[in-house]
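Residue numbers (our numbering): 2 to 113.
Don't be surprised by glycine CBs; every beta carbon is placed ideally from N, CA and C.
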């Protein structure tokens, strides 16, 4: 199971990147395959992810993951059993995919 972490704050925004790195590092036992963080100091929000690769074993499945428009960002742990069906429907609408992950399918479905 992957590890996810995140927080939102209105104070000490300059320390956000280091805080989210530290939080994510404590979850190494939850996902030894990859690690990623994202932070927006202007808004005061941060997300972290420790990856246990199951579906798409390539680096393309790196998280936090951005939607194609970069409007949305996600850290996700779970399994969408019908993600291939959803992906096919979105592809028929002209949506392109960079990965074979259910995470990207969720992200692009939300954007629609």
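Segments of 4+ residues assigned as alpha helix (DSSP H) that fall wholly inside the segment 34–92 | Under the rule that a run must span 4 or more residues, no alpha helix (DSSP H) segment is found entirely inside the segment 34–92.
Thinking residue 97 and residue 48 are a contact (beta carbons under 8 Å), I'd like their distance in whole angstroms, please.
-> Not really, about 24 Å apart at Cβ, beyond 8 Å.
Pull up the DSSP beta-bridge partners for residue 107, would you.
-> None, per the DSSP bridge assignment.
Name the DSSP bridge partner or partners of residue 95?
-> Looking at the DSSP output, residue 95 sits in no beta bridge, so it has no partner there.
From 58, 33 and 105, pick the residue whose C-alpha is nearest to that of residue 76; which is it?
-> Selected option, being the one with the closest Cα: 105.
For residue 25, which of helix, strand or coil comes out of DSSP?
-> helix
Ordered along the chain, which non-local residues of its own chain (more than five positions away) have a Cβ less than 6 Å from that of residue 82?
-> Contacts found: none.
Between which two residues does the beta strand (DSSP E) harbouring residue 7 extend?
-> 4–9
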